[in-house]
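In our numbering, the protein residues as written are 623 to 721. These notes are about the structure you will find just below.
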């Protein structure tokens, strides 16, 4: 569990406090529910999903490149396998370009 401090405008805090009280929940629970709702909305956003896929492809590409570099440094005999993984990850992440 993490503790998070936020700053609210006075009117936001007043509305939050009143609405939480009327709903029979604590301010903390009202905030958690609002955050969960917002996170679910963001997770369902197609633009954010596309960005996540792009970031994941970049991470996989970089990891493959690092794996290949380490394999070539230590000559473990798997350098051709690491090279193949790099090519596959690169073609998935950035089609048509190799770094």
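Just so it is clear, CB atoms sit at the ideal spot from N, CA and C, and this is done for glycine as well.
Item, Value
"CB of residue 641 within 8 Å of CB of residue 652, strictly", "yes"
"Burial state of residue 686, where buried means 16 or more other Cβ atoms lie within 10 Å", "buried"
"Pair within 8 Å by beta-carbon distance, residue 647 and residue 639", "no"
"Terminal residues of the alpha helix (DSSP H) in which residue 687 lies", "668 to 696"
"Integer Cβ distance of residue 670 from residue 678, believed to fall under 8 Å", "Their Cβ separation, rounded to whole angstroms, is 12 Å, which puts residue 670 and residue 678 out of contact at 8 Å."
"Residue 645: first and last residue of the uninterrupted alpha helix (DSSP H) it sits in", "632 to 645"
"C-alpha gap between residue 675 and residue 658, whole angstroms", "22 Å"
"Length of the line joining the Cα atoms of residue 630 and residue 693", "52 Å"
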